[in-house]
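Here the structure comes first, spelled out in structure tokens, and everything after it is commentary.
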Amino acid sequence: MDLQLAASVAPLLGWVVHGGILGRRLASARRDPLTGLHTRSGWTARADRLIRRHPRAAILLVDLDRFKDLNDTHGHAAGDAALIATADRLRAWCGRNGTAGRLGGDEFVAVVRDLAVVDLHRLTVALHEPLPYEDRSLALAASIGSCSVAELPVRTLPDALAAADAAMYVAKGRGRRGSRTSR
């Protein structure tokens with residue numbers, strides 16, 4: 001009888017182990033390996049839920065300014081350090097009010113419950129703090145575009161991302177060291 005029980009339990013145990021491994025792989029695929037932030041797909045699912053639950057939600061796009069120059073001048077390890085520092089600063093700024101993600105390269109994204117209750121200026125200041133790296137201090141700069149979902153005619157994530165992207169490029173055009181909210 002014990003042998004029969006073991007023979008019937010073994011395949012079930014195999015499926016449980018396989019399911020656990022698959023679940024961990026899927027979860028890690030939704031996280032950027034360098035920064036630990038959500039990837040586009042992981043962030044999008046969270047942002048969609050937050051937008052549906054919080055009518056005053058806002059989307060932010062962040063792009064590091066002169067990132068290629070930093071990488072070319074100081075090397076890829078310095079570039080990685082800048083990406084990690086940016087992710088940490090954005091994650092800390094979001095706190096419990098939202099969630100951050102990395103779209104790829106030097107582009108980051110965040111969604112917050114209400115832009116009126118977070119300090120966008122504080123994020124701008126944090127993203128412009130120099131980065132201590134080896135024996136020097138690396139200058140960091142970022143352009144930020146934001147869009148309050150409530151101000152959109154159709155409150156969808158793609159529309160909010162497009163508006164935040166347009167606002168970010170306006171901020172880049174103003175001298176690359178600021179933020180811009182879409183209207």
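Note that full-length UniProt numbering has the sequence shown beginning at 1, numbered continuously upward.
Idealized CB from N, CA, C, for every residue including glycine.
The bridge partners DSSP lists for I59 are V111, C147.
By the CB criterion at 9 angstroms, V111 and G98 fall inside the cutoff. Per DSSP, A166 lies in no beta strand (DSSP E) segment; the continuous alpha helix (DSSP H) that holds it begins and ends at 157–173. In the DSSP assignment, H38 forms a beta bridge with R31, G101. Beta-bridge pairing by DSSP links A142 to L64.
Counted as a single uninterrupted DSSP element, the stretch harbouring L131 is not any alpha helix (DSSP H) but the beta strand (DSSP E) occupying residues 131–133. Taking a C-beta distance under 9 angstroms as the contact criterion, L120 and A142 do not qualify as a contact pair. Put simply, of P33, I51, V125 the residue whose alpha carbon is nearest the alpha carbon of R113 is I51. Rounded to the nearest whole angstrom, the C-alpha separation of G104 and S41 is 12 angstroms.
Look at the beta carbons and you see the segment 136–154 touching the segment 52–59: at least three pairs across the two are nearer than 8 angstroms. According to the DSSP assignment, V125 belongs to the alpha helix (DSSP H) that extends over 120–127.
It is roughly 10 angstroms from the alpha-carbon of T44 to the alpha-carbon of R30.
Listed in chain order, the non-local C-beta contacts of A116 below 8 angstroms within the same chain comprise R56, local neighbours out to five positions each way being set aside. The C-beta of G36 has fewer than 16 other C-beta atoms within 10 Å across all chains shown, which makes the residue exposed. Under DSSP, no beta-bridge partner is assigned to R91. Note on T73: under 16 other CB atoms within 10 angstroms of its CB, so exposed under the neighbour-count rule.
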